[in-house]
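Protein sequences, first through last, are from chains H and L.
With my numbering applied, the first sequence corresponds to residues 1 to 410, in that order.
With my numbering applied, the second sequence corresponds to residues 1001 to 1410, in that order.
Where a beta carbon is used, it is the ideal one built from N, C-alpha and C, also for glycine.
Remember, it's a predicted structure, so these values are computed and weren't measured experimentally.
Everything below concerns the one structure shown next.
Protein chains: 2
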Amino acid sequence: MNAETFKQIFTSEDSTDKENIDNVLSIIEDVKQNKDEALKKYTAQFDGRELDNFKVPVEKLKNSFDNLSEEEKNALVLIKKRIADYQQSIKYKDFEDREFSYVYHPLERIGIYIPGGTALYPSSVLMSAVPAAVAGVENIVAVTPTFDDENITFAALYIADVTEVYTVGGAQAVAALAYGTETIAKVDKIVGPGNRYVALAKKQVFGDVGIDMIAGPSEILLYVDNSADYTAVAYDIFAQAEHDVNARTFLMAESQDVIDGIQLEVDRLIDSQRRADVIQKSLENNHYQIIDNRKELIDVINFIAPEHVSIQHRDEQEISRDIRYAGAVFIGKYSPEAIGDYAAGPSHVLPTNQTGRFSHGLNVNDFLTSHAVINLKEGTYSNIAGAAKTIAKKEGLDAHYESLNIRMEQ
Amino acid sequence: MNAETFKQIFTSEDSTDKENIDNVLSIIEDVKQNKDEALKKYTAQFDGRELDNFKVPVEKLKNSFDNLSEEEKNALVLIKKRIADYQQSIKYKDFEDREFSYVYHPLERIGIYIPGGTALYPSSVLMSAVPAAVAGVENIVAVTPTFDDENITFAALYIADVTEVYTVGGAQAVAALAYGTETIAKVDKIVGPGNRYVALAKKQVFGDVGIDMIAGPSEILLYVDNSADYTAVAYDIFAQAEHDVNARTFLMAESQDVIDGIQLEVDRLIDSQRRADVIQKSLENNHYQIIDNRKELIDVINFIAPEHVSIQHRDEQEISRDIRYAGAVFIGKYSPEAIGDYAAGPSHVLPTNQTGRFSHGLNVNDFLTSHAVINLKEGTYSNIAGAAKTIAKKEGLDAHYESLNIRMEQ
């Protein structure tokens, strides 16, 4: 589904769209009313699976990990540590002042949606669950529509300190997390990408629980000059394009020569790629080459706010400082986007489709909530209560005025 | 509208609710298609006002300020400074490390919804707009359905550095901010409370723009012992209750004596309140007295996550440290909630209806967006790329593998 189609779901007058919203609202209401029974019904209807028990036993998760090769186990453990170390370094700390503090607390219970489909992405499990664990969330619940057998995604759930896993998906799983059933307790926030029904459901339950973002197709913008390794850049383009025919690449340079040099490498290598058909289609429909001067290119980046920006350019530090809006910025030869997908540290759950202009990649702080603590001394109070009384009177809130005034009289 | 009614809008199967959603979707689509013409149509239809020009001239804002009394002017200026100083103190700063940084930038353009109705709340304007200005947002746009004449809300908009004001409201105003019209340019994020249509519209445009939260009726929880001034506490209760018949108060104590003492003051003073009818109704329907031991009371607070918690108790510091979930916490005699409404500093735009369990009061950082900058050195890359390659291979993403591998060979 491309970004425009996705937007249409929410805003078009077309009856199908309203039908989708109505369907999702009906599913949500049914799950609120009939709980586990409704979950069973929709799992049979949409996923074609008869389930008696949604909960995955912890032994199955553990076995999934135990059955991995040593190399795979070590890779998951190393990646978990990289993510945890980075998230710890950016975790917000309480702010304390004489008359104010601003304090953070972990959410009590969160839900992670893990999409089904053919591909298993253990990296996405770690990138969502580890930040929650670092935040200190005690109850980390995962829902996923399709897994039965032991697999590396279960292994990742196991080492990521996920406390409960349920094999349900779709809008019904979102409703179960938002309102609770006999089996699944209500959570405080739901994160993770899903299909259009999952996205619609997350939107409708927002306010009753927190949600993270609405995910669209993946994007990369590569900003390159002739100091870059064109072969490596070609592989970066393929890595983006192999995700999905709707995945977008933007290749930017300040001269045609650079674009031509990379295109040669793309043409030379594309047929030998295992997912050449997906890559070919993705590049045909969603590959953009942009040549312009530095200032214009920076403006375009800030307008697009690309999910990933990769700068392989002799002025890479300078260029990166001018970027205001992006999901994440990767600088230099040894920070290809692919290392960010797995092991650099920051979560690869990033804003797409211009949403980087107002939102950020999932991180530890999204699993904290915060509040101000106000503890004024008498002297400060005396200095400001008069102004407050003046405006309270003007607003016609007399009891506010009295509540302020009585503390000045004494 | 009480919290339960509000929730029903989004989740019930009742046809009226779907009708509301459908209506809002139709308004949004109409504004996307017909822009200013649609705004004029709905303003005539819903607000009964024929508008040719939505934009309030800056002279009208300035005159509104100039025509205030000196006392009112000084009050607004002092309050603005208090808010700005506090917000500056909690503003996030860039995090820089050797191979990572995490950087913040102000949003480019934001919209503030200012509800209409009979009451004018200049304090709400300052509490929303000043945090945005402190964040460094260059374009701060306000929309409001009902004002024509000079007034103190315009004065507040003037001194709060709001750059544009439009007299449109409802779902149509939200759509205009989200998608732009000939007159109103698209914003990146919409904040501020409104009626049910505004709330529904904000939800439906979420993802295309950022939004803040879904606001419900106001709440206060007072945690009191016999060291408190019972008369002052009675006024605090009245101050909450005078907002609205749906405003909720929770009065908590560890003994019946305290509750009885405060009740005596409430009974003695209630008839002399100017808004006694609203206060009476609000207390009848939405006033709860809870007596229990300390541990249970703290658990109740964390479950309710009240918009405001006021602790007037000899162990107030200790109690406040156990509170994990709240909109804001006020400690002691000189921090009544009413001072927070106006002049303490933190925004009074706070999460209600349990949403403090996953969200926080509006602040400067809600007008920033952020991203990670990843700049790995060769040595770090060599240490982690192997693990990344292992998982890329397992996920079947061969071009990711190659993009990682080519940087190890050289």
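Report task. Return the bridge partner residues of residue 1206 of chain L from the DSSP annotation. Result -> L:1209
Query raised in the report: In the structure shown, what three-state DSSP assignment does residue 1278 of chain L receive?
Result: helix
Query - Min CB distance residue 1039 of chain L to chain H below 8 Å - result: no
**Report entry** alpha helix (DSSP H) runs wholly inside the segment 1181–1255 of chain L, at least 4 long, in chain order
**Finding:** 1196–1205, 1230–1241
Query raised in the report: Taking 8 Å as the CB-CB cut-off, is residue 12 of chain H touching chain L?
Result: Caution is warranted here: a pLDDT of 31 is assigned to residue 12 of chain H, below 50, making its placement in the model unreliable, and the coordinate value is therefore given only provisionally. Output row for residue 12 of chain H: interface = yes.
Query raised in the report: Using the C-alpha atoms, what's the distance from residue 130 of chain H back to residue 136 of chain H?
Result: Distance between the alpha carbons of residue 136 of chain H and residue 130 of chain H: 10 Å.
Requested in this report: With distances taken Cα to Cα, identify the nearest neighbour of residue 273 of chain H among L:1039, L:1398, L:1099, L:1372.
Outcome: L:1398
Query - Where residue 1153 of chain L falls: helix, strand or coil (DSSP) - result: helix
Query raised in the report: Roughly how many whole angstroms lie between the Cα atoms of residue 1266 of chain L and residue 1232 of chain L?
Result: 10 Å
Query raised in the report: Taking the C-alpha atoms as reference points, what is the distance between residue 1202 of chain L and residue 1211 of chain L?
Result: 7 Å
Query raised in the report: Going along chain H in order, which residues have a C-beta closer than 8 Å to the C-beta of residue 1123 of chain L?
Result: 391, 395
Query raised in the report: With respect to the beta strand (DSSP E) encompassing residue 139 of chain H, which residues constitute its N-terminal and C-terminal limits?
Result: 139–143 is the span of the beta strand (DSSP E), which, as asked, contains residue 139 of chain H.
Query - the segment 1190–1217 of chain L: positions lying closer than 7 Å to chain H by Cβ - result: 1203, 1204, 1206, 1207, 1208, 1209, 1210, 1214
**Report entry** Cβ contact check for the segment 1141–1161 of chain L and the segment 1017–1036 of chain L: 3 or more pairs under 8 Å
**Finding:** no
Query raised in the report: Is there a Cβ from chain H that is less than 8 Å from the Cβ of residue 1087 of chain L?
Result: no
Query raised in the report: What residues in its chain sit with their C-beta under 7 Å from that of residue 269 of chain H, if we drop five residues either side in the sequence?
Result: 234.
Report task. Could you say which of L:1320, L:1168, L:1314 lies nearest to residue 1036 of chain L if we only look at CA atoms? Result -> Nearest option by C-alpha distance: L:1168.
Query raised in the report: residue 289 of chain H bridges to which residues according to DSSP?
Result: H:251
**Report entry** Within-8 Å CB hit, residue 75 of chain H to chain L
**Finding:** yes
Report task. For residue 1356 of chain L, decide whether its Cβ has a neighbour in chain H, counting only Cβ atoms nearer than 8 Å. Result -> yes
Report task. Give a yes or no on contact between the segment 236–256 of chain H and the segment 212–226 of chain H, applying the rule of three or more CB pairs nearer than 8 Å. Result -> yes
Query raised in the report: Quick one, are the C-beta atoms of residue 1367 of chain L and residue 1122 of chain L less than 8 Å apart?
Result: no
Query raised in the report: CB residue 335 of chain H to CB residue 343 of chain H, shorter than 8 Å?
Result: no
Query raised in the report: Touch check for the segment 1083–1100 of chain L and the segment 81–98 of chain H: three-plus C-beta pairs under 8 Å?
Result: yes
Query - Nearest-angstrom Cβ-Cβ length linking residue 307 of chain H and residue 356 of chain H, presumed shorter than 8 Å - result: 7 Å
Requested in this report: Indicate whether at least one CB of chain A lies closer than 8 Å to the CB of residue 1180 of chain L.
Outcome: No chain A appears in the structure shown, which is made up of the protein chains H and L.
Requested in this report: Keeping to the same chain, check which residues put their C-beta closer than 7 Å to that of residue 218 of chain H; ignore five residues upstream and five downstream.
Outcome: 240, 243, 244, 247, 307, 352
Query raised in the report: Got a sec: does the ligand FMN put a non-hydrogen atom nearer than 7 Å to the Cβ of residue 1300 of chain L?
Result: With respect to the ligand FMN, the structure offers nothing, as it holds no ligand at all.
Query - Length of the line joining the Cα atoms of residue 1340 of chain L and residue 1072 of chain L - result: 18 Å
Requested in this report: Would you please verify whether the beta carbon of residue 105 of chain H is less than 8 Å from any beta carbon of chain L?
Outcome: yes
Query raised in the report: Would you say the segment 1044–1059 of chain L touches the segment 1161–1178 of chain L, given that touching needs at least three Cβ pairs under 8 Å?
Result: yes
Report task. Return the CA-CA distance between residue 392 of chain H and residue 378 of chain H, expressed in angstroms with no decimal places. Result -> 20 Å
Query raised in the report: Are residue 1142 of chain L and residue 1112 of chain L close, meaning C-beta to C-beta below 8 Å?
Result: Yes.
Query - Alpha carbon of residue 197 of chain H to alpha carbon of residue 214 of chain H, nearest angstrom - result: 11 Å
Query - residue 1289 of chain L versus L:1360, L:1085, L:1065, L:1221, residue with shortest Cα-Cα distance - result: L:1221
Query - Option nearest residue 1406 of chain L by Cα separation, candidates L:1320, L:1382, L:1396 - result: L:1382
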